[in-house]
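Residue numbers 22 to 237, in the working numbering, belong to the letters of the sequence shown in order.
Glycine included, C-beta positions come from ideal geometry on N, C-alpha and C.
Taking it in order: structure first as structure tokens, then the write-up.
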Amino acid sequence: MNNTLKRILAAIVMMLIATGAGIGEYYGLHTVRILSVSVVFGMIIEFILAIIHSKKNKIPTKNNRIKFIIFFVLLITMLLSANYVGTRPWIMLLILMTISAADIGAWYFGRIFGGDKMWERISANKTWAGQIAGIMCGTGASVLYGLLGTDTFMPQLLWIGISVSLLSQYGDLTASWIKRNIGIKDFGNILPGHGGLLDRFDGWIYVLPLIWFVMI
């Protein structure tokens, strides 16, 4: 089975899980909150295992240890955020739609247009053209979400879309930066073709705490 097919199958499974969570919410089971917290908890476990594995090969420098501690604090903050934001299923769906659209747009149009790299030493494939396209796609998905839900244009979703799309991409870059310091390609292999949970949901790193801060 080639990598593309693995990615497609993994994406279908994730969509089915998300659909199941939506059905559970319909019956009052709070499945979105449970799923969100479970995903972030899995991300934390992956990070800890990556650090343990890195110590078998080389003892991280003091500078690296500080980076890892800061990143771990970010993950814990994200766990608390997921526990709170997960109680608002419609907000979690908005975040997922926006981040997914931004991720796909940045990847697709970045490959088409190419151009200058953002931070080649951190992530060789990220370009400024891809970032701009990702923000546009994510913002479009955010506005569309409002139109589908209320049949009206909601201007505030423009700002939400821009903020979430931008922060999600920097969450991706942060995770790539940490992986480079650890010396690994992926945090895990639980999602064939995608890597681990942290590789797939790194866009949440800054987004969830921001949404939590706005909501409280």
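- Secondary structure of T173 (DSSP, three-state): coil.
- The Cβ-Cβ distance between R221 and L231 does not fall below 8 Å.
- For G43, the three-state secondary structure derived from DSSP is helix.
- If you compare the alpha carbons of M35, I133, G159 with that of W180, the shortest gap goes to G159.
- Per DSSP, the unbroken alpha helix (DSSP H) holding D124 starts and ends at 110-134.
- Remark: fewer than three beta-carbon pairs, one from each stretch, lie closer than 8 Å, so the segment 39-48 and the segment 81-100 are not flagged as touching.
- Below 8 Å, too few C-beta pairs join the segment 90-97 and the segment 125-132 to call them touching: fewer than three.
- In terms of Cα proximity to K88, the closest of F68, H74, Y105 is F68.
- The beta carbons of L187 and I156 sit closer together than 8 Å.
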